[in-house]
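Read the structure below first, then the notes.
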Amino acid sequence: MVELYLLLAFMIIGAIVAIEVKDMLSTVIAVGAVGLALSIAFLQLKAPDVAITQLVVEILCLIILIRATLKRDLPFSTTGRWLLNTVITGCFVAVFVIVGIKCFKDLPEFGYPIMRVSRTYIEEGLAKTGATNLVGSVILDFRAYDTLGEATILFTAVIGVLAVVRKIGRKKEGEKVEEEE
Amino acid sequence: MSREHEKGMSLIVKTVTRLTVGIIFLYGIYIVSHGHLTPGGGFAGGVIIALSFVHLMLAFGREAALKKLSRAAASFFESTGAIMFLVIALLGFTGGYFFLNFLGKGQPFKLFSAGIIPLCNIAISFKVGAGIFAIFVALVILELEVEGKE
Amino acid sequence: MIVYLLTLVLFSLGIYCVVRKRNVIKLIVGIMIMEYAVNLFFILVAYRMKGRAPIFSPDAEIVNMVDPLPQALVLTAIVIGLATTALLVGIAMKIYEKYHTFDITKIRELRG
Amino acid sequence: MIPVSADIIPLFVAVPLAGAFLNSLIGKKVKWLPDVIGNLTTLAVLVLSVISVRLVTEYGTLVYSVGGWKPPVGIGMVLDGLTAFMLVTVNLVAFFVAVFSVNYMEKYTSKQKFYTLFLLMLAGMNGVIATGDMFNLFVFLEIASVASYALVAFGTEKHELEAAFKYAVMSTVGSLFVLLGIVLLYSYTSTLNMADMARVFAQKGTGDITLMVSVLFIMGFGLKAALVPFHAWLPDAHPSAPAPISAMLSGVLIKSLGIYVLCRIFYSVIGITPAVASIFLFLGALSMVIGVFLAIGQWDLKRLLAYHSISQIGYVVLGIGLGTPLGILGGLFHLFNHSMFKSLLFLNSGAVEYSTGTRDLQKMGGLAKRMPVTGATNFVASMSIAGIPPFNGFWSKLIIIIAAVQAGRYGYAFWAVLASLLTLASFMKVMKYGFFDRLKERWGRIEEVPFFMKLSMVALALICIFGGVLLLGGINQVFLDRATAVLLRGTQYAAIVFKGS
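Just so you know, the protein sequences line up as chains Y, W, D and L, in that order.
If you're matching positions, the first sequence starts at 305 in the working numbering and goes up one per residue.
If you're matching positions, the second sequence starts at 6 in the working numbering and goes up one per residue.
If you're matching positions, the third sequence starts at 22 in the working numbering and goes up one per residue.
If you're matching positions, the fourth sequence starts at 558 in the working numbering and goes up one per residue.
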């Protein structure tokens, strides 16, 4: 499990870089590095489906964000507050970790999940759905309704982006506006 | 910047793109069609298919990619994929339940198995591929407009 | 336990970024980091010591599979994250078109 | 034809989704098609939700297993009294808003995208209400939220984009808190079905982890419901949206995504503890008072209404937090009433903006003379929200105050009365400056709004006038009482759901 700790440490450092660096492009690249480390961590945790999806989504997000930030590098005023920022971050993290230490004792130990419901999927999934990829059988058969929701969210986002980037939102008084593509 | 984009990137990039874009596209189709057997599935495959078009657009410019898949076609495929998925879900009512896996399960480890799961994968891949391409085109066009104004 | 806590640290870094930073792109980045942390947490919860990926193989009997349910849910969560990010970037670029800046201290038409 | 089984439940999601997809596929072909699809779909869902009330009276709690998989394995959808109540509220408002949009959205471009997003938002809300599964709830919560971000930015003007971005960022953070809470719950209980979760909590007891989950949920859903410490996005986002969408957001979105889910999780799944109840009371009272104080100074009509939404949501949370039968009844009844009169008020503001092009109260004056229908309906809604006797708002506020006194919470009762008086003052201002003052020169030639807008405003005003009828014996028993009973039964929810399936 040493790899996992290394990956997590890498992700935390990457996140700090992404948050604190002033250059916009560097921010985006750093967050991309975090995402790719996450993808490797998924692979390490035996979740190949998730790893593939995370990888492709990460590439896509990176392309979109780079296109959005390219040539729009703006000066960015965080100087002079470095100490304050660090203190606030420290407090945040400390509160979360203390609460976490107190609460995570109730959770099952890492590496030993309860798997009450999931046992059904593992034992009967192949026989009942015929799909050898159990994750596939869960997302498209046992919990296909969630996937309908997921597809709908992406649909919503597409329509939303197309609606937001319209050239003209409101019609002016007495003006005839061509419905655009 | 905007004129450069109409033309695309350098010759090396274009040549490599010409070689790789077909492979990426086929890989996407493979991921979709084997979603119920191996890791992957409709969503990842759909994004890969969309990325192959995005790749084309980045290398050759907007026009080349839109010639292969126009915006109208993209939005048509997107809605069709969504409706296909919903229809598969509603067809389950023939067996009594919303989203019932009403087809035969077939032999495990075969390509044609697992009932509606491959069909759903295909529907999702249509939806996702076309949808992400549409988002990307919309953002690129917006960006070109912004740059044009400055 | 320690991996959970490290993930929580990542999550709180994301919150810090959203609360503290004053740039549109940084806000989006903060949200992305929070999403990563939550997704990672979900997969960590599903892991079994010396587990195998939940995919059957025609050749070998596979025992001790990791929990497939959270993996399916994380797939959904990743897509939701992508959709949100795409919409946020769309709005952000439109904001840039109107205001010519990503700095939200300068984007202040509204009070409150 | 009334389907006699639980088969009706998935239709609440499937019908609006089908409408949205069809709209996006063929809505561009004919100009009037988006209007027709949008209105027919909302009408169909409204009819279905009225049928669902009848089904609940007849058969009790109904459970639907999606895909034929029994709930803990598959996803269960639950239809009980509270669900039916919320479905009716949401779909009633949605239908009138869709009717209103036929004329109003002519001011904007791309009606097709508007109706598509509108139907998606409706599908998301119905999905949240009808589901019995934790993660599924999150998915539909996100559908409704993402659609609402896009709708707030629909005008694509400067301030609209800014408000939408602010709203999107804060709401997404809320969603991520919720998701983290769901992950912790999954790890602790190893199930996602709400009823199953309640059963595990009953066996295993609630440990420290529940505390953290509760805090995450209160923060997450509090952000969605705009309770006071988390309200900063609402006064920007709600006024910036087109008027029908403001009506939807203020009228039902913050309730179905915020209040309903809070009730469902804390009453039915985790089980309400005195600590959580007192947090509810405190947040409710805080929202009630701060919202109304912030509202008084506003001159922008829609902004004023948005602050009043915060205040009125406070009443609902206060009522529900009391935990007594009367308190819950009052809270839920006020939720229904607020949906009606706040939607109506936002539609009125939309009508004023449609005719005059302004939202500034100081620029208006005497509009009732030129726009009699808008003026009259606005009067009804203002009196309702201020709690003047014959109108519906009076009854629900009265019940909440009586319940607070009965429970011995005199302080909260006092704040509720005070907030009500301040609300009255604030709406006197609206009436005086907006509608009943001397008619200003420049508005001499404005016209009353078109037919469909008038129709939906009048219909909502009638509901406001006769809303008190819902408290009468027979109607109360099938509608409000059943919803109250669900919350009062608390964590017996699990047993009932498993019997139902």
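The C-beta atom is built at its ideal place from N, Cα and C for all residues, glycine as well.
Could you give the C-beta distance for residue i and residue j, rounded to a whole number, given that I count them as a contact under 8 Å?
i, j, result
"L:Ala-641", "L:Val-602", "Wrong, their Cβ atoms sit about 13 Å apart, outside the cutoff."
"L:Gly-888", "L:Ile-957", "7 Å"
"D:Leu-109", "Y:Gly-464", "Contact flag wrong, Cβ pair sits at about 10 Å."
"D:Val-95", "Y:Lys-350", "Not really, about 13 Å apart at Cβ, beyond 8 Å."
"Y:Ala-322", "Y:Val-338", "7 Å"
"Y:Val-325", "D:Val-30", "In fact, because the Cβ distance is near 19 Å, the residues do not count as touching under 8 Å."
"L:Phe-569", "L:Asn-683", "4 Å"
"D:Asn-101", "L:Glu-699", "Looking at the sequence itself, residue 101 of chain D is Ile, so the reference to Asn does not match. Sure, about 5 Å apart at Cβ, within 8 Å."
Within the same chain, show all residues whose beta-carbon is closer than 6 Å to that of residue i, passing over the 5 residues directly before and after it, in chain order.
i, result
"L:Ser-728", "Ser-702"
"L:Ser-557", "There is simply no residue 557 of chain L to check, as chain L begins at 558 and stops at 1058 in what is shown."
Comparing the CB of residue i with every heavy atom of the ligand PLP, is any distance shorter than 6 Å?
i, result
"L:Val-846", "Looking at this structure, you won't find the ligand PLP or any other ligand, since it has none at all."
Answer with yes or no whether the minimum CB distance from residue i to chain Y is below 7 Å.
i, result
"W:Leu-42", "yes"
"L:Asp-917", "no"
"D:Phe-63", "no"
"W:Val-52", "yes"
"D:Thr-120", "It is Tyr, not Thr, that sits at residue 120 of chain D in the sequence shown. False, the Cβ-Cβ gap to chain Y never drops below 7 Å."
Would you call residue i buried or exposed, if buried means 16 or more other Cβ atoms sit within 10 Å of its Cβ?
i, result
"Y:Tyr-309", "exposed"
"W:Glu-148", "buried"
"L:Gln-760", "exposed"
"D:Asn-85", "exposed"
"L:Ala-842", "buried"
"D:Glu-82", "exposed"
"L:Val-587", "exposed"
Kindly say whether residue i, judged by its beta-carbon, lies nearer than 7 Å to any beta-carbon of chain W.
i, result
"Y:Gly-453", "no"
"L:Ser-609", "no"
"Y:Ile-463", "no"
"Y:Thr-383", "The pLDDT assigned to Y:Thr-383 is 48, lower than 50, so where the model puts this residue is not dependable; a value taken from the coordinates is nonetheless given after this. Output row for Y:Thr-383: interface = no."
"D:Met-53", "no"
"D:Met-114", "yes"
"L:Gly-624", "yes"
Among the residues of its own chain, which have a CB less than 7 Å from the CB of residue i, if the five just before and after it don't count?
i, result
"L:Val-930", "Glu-1005, Lys-1011, Met-1014, Val-1015"
"W:Met-139", "Sequence inspection shows Ala at residue 139 of chain W; the Met mentioned does not correspond to that position. The answer, listed in chain order, is Arg-76, Ala-79, Ser-80, Glu-83."
"L:Pro-796", "Ser-803, Asp-857, Lys-859, Arg-860, Ala-863"
"W:Ile-29", "Ile-53, Leu-56, Ser-57, His-60"
"L:Gly-932", "Leu-924, Ala-925, Phe-992"
"Y:Val-439", "Asp-353"
So residue i is in the beta strand (DSSP E); what residue range does that whole segment cover?
i, result
"L:Met-751", "Counting along the chain, L:Met-751 falls outside any beta strand (DSSP E), though it belongs to the alpha helix (DSSP H) covering 751 to 761."
"L:Tyr-824", "Counting along the chain, L:Tyr-824 falls outside any beta strand (DSSP E), and DSSP gives it neither H nor E."
"L:Ser-622", "619 to 622"
At which residues does the alpha helix (DSSP H) containing residue i begin and terminate?
i, result
"W:Val-52", "47 to 65"
"L:Met-634", "That residue, L:Met-634, is in no alpha helix (DSSP H); its beta strand (DSSP E) goes 633 to 636."
"L:Lys-838", "First, the residue type needs correcting, since residue 838 of chain L is Leu and not Lys in the sequence shown. Run containing L:Leu-838: 831 to 853, per the alpha helix (DSSP H) assignment."
"L:Val-974", "967 to 987"
"D:Lys-115", "89 to 120"
"L:Trp-856", "Per DSSP, L:Trp-856 belongs to no alpha helix (DSSP H) and is neither H nor E."
"L:Lys-899", "882 to 913"
"L:Thr-1041", "1037 to 1046"
"D:Val-24", "23 to 41"
"L:Ile-766", "765 to 782"
"Y:Glu-428", "422 to 433"
"Y:Glu-362", "352 to 373"
Closer than 7 Å, CB to CB, is residue i near chain L or not?
i, result
"Y:Leu-369", "no"
"Y:Lys-350", "no"
"Y:Tyr-449", "yes"
"D:Val-39", "yes"
"W:Ala-143", "no"
"D:Leu-108", "yes"
Once you ignore the five residues that flank residue i on each side, which residues in its own chain have a CB closer than 8 Å to its CB?
i, result
"Y:Thr-383", "In this prediction, Y:Thr-383 has a pLDDT of 48, which is less than 50 and means its spatial position is unreliable; what the coordinates show is noted afterwards. So the list is empty, once near-sequence residues are dropped."
"L:Thr-746", "Asp-753, Met-754, Val-757, Phe-758, Lys-761"
"L:Ile-942", "His-865, Gln-869, His-895, Phe-898, Lys-899, Leu-902, Gly-950, Thr-980, Phe-984"
Closest Cβ-Cβ distance between residue i and chain D: below 7 Å?
i, result
"Y:Val-391", "no"
"W:Ile-140", "yes"
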